[in-house]
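Participant:
There are 2 protein chains.
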Amino acid sequence: MDVAENILKPVEDRTLRAQITRQILDMVTSGNYFPGEKLTENALAEQLQVSRAPLREALRELVDRGVLVSQPYKGLRVRPVSGTDLKELYSLRTELEQFAFRLAWNKRSEDAVADLESRYDRLIAAQPTGDQARTISKELSFHSWVYELSGHSLLLSHWHRLTPLVQIYMVLHFRAHGSHGQFRHMTTEYLQLAKGEDLDLMLSHIAEHMQQGLLAVLKSLDRGD
Amino acid sequence: MDVAENILKPVEDRTLRAQITRQILDMVTSGNYFPGEKLTENALAEQLQVSRAPLREALRELVDRGVLVSQPYKGLRVRPVSGTDLKELYSLRTELEQFAFRLAWNKRSEDAVADLESRYDRLIAAQPTGDQARTISKELSFHSWVYELSGHSLLLSHWHRLTPLVQIYMVLHFRAHGSHGQFRHMTTEYLQLAKGEDLDLMLSHIAEHMQQGLLAVLKSLDRGD
DNA sequence: TGCGATTTGTCCGTATGTATT
DNA sequence: TAATACATACGGACAAATCGC
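Following this line, the structure appears as structure tokens:
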């Protein structure tokens with residue numbers, strides 16, 4: 002099953018370049034490669050059975066998305082993780098998601114709320130299966146709801162730009178803890194507040210929600226990798 | 002290495018791909034190409050005297066940055082402008098810049114303030130020359146100050162992602178009005194508030210500042226292109 | 001320090017798929 | 001329907017930079 006399929010826009014992969022981008026992104030976000038690991042073009046080209054031309058274009062895309070880092074003439078690496086990067090990621094997520102909620106607040110129709118509940122159900126259902134990739138995918142789908150509802154396509158694109166890094170960090174966290182059912186009550190509160198009528202409460206909960214996630218993943222970083 | 006340093010004074014473009022990216026970006030943001038205009042690879046390759054391999058990689062970078070839009074097997078175009086896109090751009094700018102000010106507020110040293118004043122002086126000095134590209138560059142440098150001071154590299158990268166589109170819109174505005182010395186008092190107030198001690202006043206001014214800029218460019222859109 | 005091996009970066013020729021006329 | 005133009009893809013080759021011995 003395609004991990005990123007439910008997160009990224011359902012762009013039909015018409016070109017080989019797009020397929021390659023998707024494949025490498027999946028490999029990285031599903032933990033096949035470790036942060037900081039070096040990628041060599043020839044190895045990838047042989048592994049994926051493609052020529053270097055479309056491969057290099059795909060790699061360039063992933064560098065621009067922040068998934069890979071490039072050093073001219075030295076090579077490509079999976080973006081290394083650091084506590085600083087992690088803090089920045091979560092603080093920016095907090096700002097963007099609060100902004101999204103302010104935009105989407107008056108757009109919450111019955112259908113929209115039902116949609117969020119459906120995403121919540123799928124997330125809860127995925128957790129006990131132990132399928133990490135699936136759970137992370139559902140978690141991101143749950144959080145994507147407000148960005149999509151906001152109707153702010155530029156904001157949505159900036160959120161999509163963050164998701165691969167969020168995935169990478171979640172994989173690290175899973176690796177250290179095995180599951181994050183511990184956050185189930187946070188997610189449930191998030192859902193209830195999103196259905197409620199107190200926007201300020203929702204906004205402050207987002208900040209708390211993010212802070213909890215940040216601390217958890219920071220602990221994973223300190224212990225493991 | 003200092004991130005901000007690489008932006009203001011871009012390190013030597015070691016690879017041809019980086020040089021091509023910069024050249025096309027300059028052509029687009031300086032108004033050589035119109036929004037919506039089609040770009041053909043062969044023409045660009047001949048014009049820039051490069052082969053298609055690094056050219057295509059550079060084009061892929063610009064697509065990811067949002068400067069160009071790609072339709073598989075149909076071609077590339079300079080991103081068309083629309084009122085909706087413009088509103089989204091300015092609303093997101095408002096959020097990001099307010100966030101940056103909250104982060105940077107307690108980091109405003111004497112040197113930092115002097116830096117901002119220096120950027121202000123260069124902006125004011127550039128306006129009467131009529132050099133559009135230079136004026137726009139100084140305007141962006143002025144606004145970049147707070148992002149750099151914030152120390153939030155991820156936020157800075159998202160701001161840099163917005164700047165090409167901001168440039169494109171500014172070019173349209175210039176084309177319709179010839180100059181925007183009309184905003185000089187806004188910029189002056191921005192500087193004074195940034196030097197002051199009332200953060201809330203600064204934040205609300207940013208919202209107003211952006212709103213003014215949005216309305217001005219929207220008018221340009223309605224009249225001209 | 002130098003030298004060879006490896007990898008990235010670049011170029012070219014050609015073939016194929018797609019859209020447009 | 002055919003023809004043309006163009007984007008896409010491939011493989012081979014060489015140059016440039018880096019790395020390891």
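So the sequences go chain by chain: B and D.
All you need for our numbering is the position in the first sequence, starting with 1, plus 1.
All you need for our numbering is the position in the second sequence, starting with 1, plus 1.
The beta carbon of each residue, even a glycine, is placed where N, CA and C say it ideally should be.
#1: Keeping to the same chain, check which residues put their C-beta closer than 6 Å to that of K1(D); ignore five residues upstream and five downstream.
#2: Determine the closest residue to R120(B) out of K39(B), S145(B), F102(B) and E58(B), with distance taken between C-alpha atoms.
#3: With DSSP as the reference, identify every bridge partner of V79(D), one or two as the case may be.
#4: For S71(D), collect the residues of the same chain with a Cβ closer than 7 Å to its Cβ; drop the 5 residues on either side in sequence, then sort them by chain order.
#5: The region 141–153 of chain B: which residues have C-beta closer than 7 Å to a C-beta of chain D, in chain order?
#6: So with Cβ pairs under 9 Å, would you call P73(B) a contact of chain D?
#7: Name the DSSP beta bridge partners of L40(D), please?
#8: In the DSSP assignment, the alpha helix (DSSP H) including E96(D) goes from what residue to what residue?
#9: For N107(D), which residues from the same chain have a beta carbon less than 7 Å from its beta carbon, with the 5 sequence-adjacent residues on both sides left out?
#10: Excluding five sequence neighbours on each side, which residues of the same chain lie with their C-beta closer than 7 Å to the C-beta of L1(D)?
#11: From L87(B), E98(B) and K220(B), pick the residue whose C-alpha is nearest to that of L150(B); which is it?
#12: Closer than 7 Å by C-beta to H206(D): which residues in its own chain qualify, once you throw out the five before and the five after it? Chain order, please.
#13: Per DSSP, what kind of secondary structure is D122(B) in: helix, strand or coil?
#14: So is G214(B) in contact with chain D if we call contact Cβ pairs under 9 Å?
#15: Give the range of the alpha helix (DSSP H) segment to which F175(B) is assigned.
#16: Checking 9 Å against the spacing of the C-beta atoms, do V29(B) and R94(B) come in under that value?
#17: Do three or more CB pairs link the region 27–45 of chain D to the region 157–174 of chain D at distances below 8 Å?
#18: Under a three-way DSSP split, which group does E190(B) fall into?
#19: Can you give me, in chain order, the residues of the region 102–113 of chain D that have a beta carbon less than 7 Å from any beta carbon in chain B?
#20: Quick check on G214(B): does DSSP put it in helix, strand or coil?
#21: Using a Cβ cut-off of 9 Å (strictly closer), state whether I8(D) contacts chain B.
#22: Going along the chain, which residues of its own chain have a beta-carbon closer than 7 Å to the beta-carbon of L156(D), five neighbours each way excluded?
#23: Got a sec, what are the start and stop residues for the alpha helix (DSSP H) T16(B) sits in?
#24: Got a sec: which bits of the region 158–172 of chain B sit with their beta carbon under 7 Å from any beta carbon on chain D, in order along the chain?
#25: Closer than 8 Å by C-beta to E152(D): which residues in its own chain qualify, once you throw out the five before and the five after it? Chain order, please.
#26: Quick check on the burial criterion: 16 or more other C-beta atoms within 10 angstroms. Buried or exposed for A134(B)?
#27: Does T30(B) have its Cβ less than 9 Å from a Cβ in chain D?
#28: Around the C-beta of A59(D), are 16 or more other C-beta atoms found within 10 angstroms, so that it is buried, or is it exposed?
#29: Grouping DSSP H, G and I as helix and E and B as strand, with all else coil, what is K220(B)?
#30: Is there a C-beta anywhere in chain B that falls below 9 Å from the one on M2(D)?
#31: State yes or no: is the beta carbon of L222(B) nearer than 9 Å to at least one beta carbon in chain D?
#32: For V79(B) and T164(B), I'd like the C-alpha separation in whole angstroms.
#33: Any beta carbon of chain D sitting closer than 9 Å to that of R66(B)?
#34: Considering only residues of the same chain and omitting the five flanking positions on each side of A208(D), which have a CB-CB separation below 8 Å?
#35: So, are the CB atoms of R61(B) and E62(D) less than 9 Å apart?
#36: As a quick exercise: from R18(D), Q213(D) and R66(D), pick the residue whose alpha carbon is nearest that of M187(D).
Facilitator: On the basis of the data shown:
#1: Since the first and last residues shown for chain D are 2 and 226, residue 1(D) lies out of range.
#2: Among K39(B), S145(B), F102(B) and E58(B), the Cα nearest to that of R120(B) belongs to S145(B).
#3: The partner list for V79(D) (beta bridge, DSSP) reads L69(D).
#4: Here the set comprises V64 and L77.
#5: Residues passing the 7 Å Cβ filter: H153.
#6: So yes, P73(B) belongs to the interface.
#7: BP columns for L40(D) point to L77(D).
#8: First-last of the alpha helix (DSSP H) with E96(D): G84 to A105.
#9: The beta carbon of N107(D) lies closer than 7 Å to none in the same chain, with the five residues before and after it left out.
#10: Because chain D is modelled from 2 through 226, residue 1(D) falls outside the range shown and cannot be assessed.
#11: Distances from the CA of L150(B) to each of L87(B), E98(B) and K220(B) were compared; the closest alpha carbon is that of E98(B).
#12: Residues of the same chain with a CB within less than 7 Å of the CB of H206(D), apart from the 5 flanking positions on each side, are E190, Y191 and L194 in chain order.
#13: Here D122(B) sits in helix by DSSP.
#14: In terms of beta-carbon proximity, G214(B) stays away from the interface with chain D, with every pair separated by 9 Å or more.
#15: Its alpha helix (DSSP H) spans residues S154 to H178.
#16: Not a contact, by the Cβ cut-off of 9 Å.
#17: With contact defined as three or more Cβ pairs closer than 8 Å, the region 27–45 of chain D and the region 157–174 of chain D are in contact.
#18: The three-state reading of DSSP puts E190(B) in helix, counting H, G and I together.
#19: Near chain B, meaning a CB-to-CB distance below 7 Å, no residue of the region 102–113 of chain D qualifies.
#20: The three-state reading of DSSP puts G214(B) in helix, counting H, G and I together.
#21: The predicted position of I8(D) is uncertain, since its pLDDT is 32 and thus under 50; a value taken from the coordinates is nonetheless stated next. Not one chain B Cβ lies under 9 Å of I8(D).
#22: Result list for L156(D): L97, F100, A101 and Y148, in chain order.
#23: Run containing T16(B): none; DSSP gives neither H nor E here.
#24: The region 158–172 of chain B vs chain D, Cβ under 7 Å: H159.
#25: According to the sequence displayed, residue 152(D) carries Gly and not Glu. So the list reads L104, A105 and K108, once near-sequence residues are dropped.
#26: Flag for A134(B) reads buried.
#27: Taking Cβ atoms only, chain D never reaches closer than 9 Å to T30(B), which makes this a no.
#28: Burial check for A59(D): the Cβ neighbour count within 10 Å reaches 16 or more, so the residue is buried.
#29: K220(B) carries a helical assignment under DSSP once its states are collapsed to helix, strand and coil.
#30: Residue confidence is low: M2(D) scores 38 on pLDDT, short of 50, so the model does not pin down where it sits. No coordinate-derived value is stated.
#31: No, its Cβ sits nowhere closer than 9 Å to a Cβ of chain D.
#32: Distance between the alpha carbons of V79(B) and T164(B): 15 Å.
#33: Judged by the 9 Å Cβ criterion, R66(B) is in contact with chain D.
#34: Taken in chain order, the residues that qualify are T95 and Q99.
#35: Yes, the pair counts as a contact, with Cβ atoms nearer than the cut-off.
#36: Nearest neighbour of M187(D) by Cα position, chosen from R18(D), Q213(D) and R66(D), turns out to be Q213(D).
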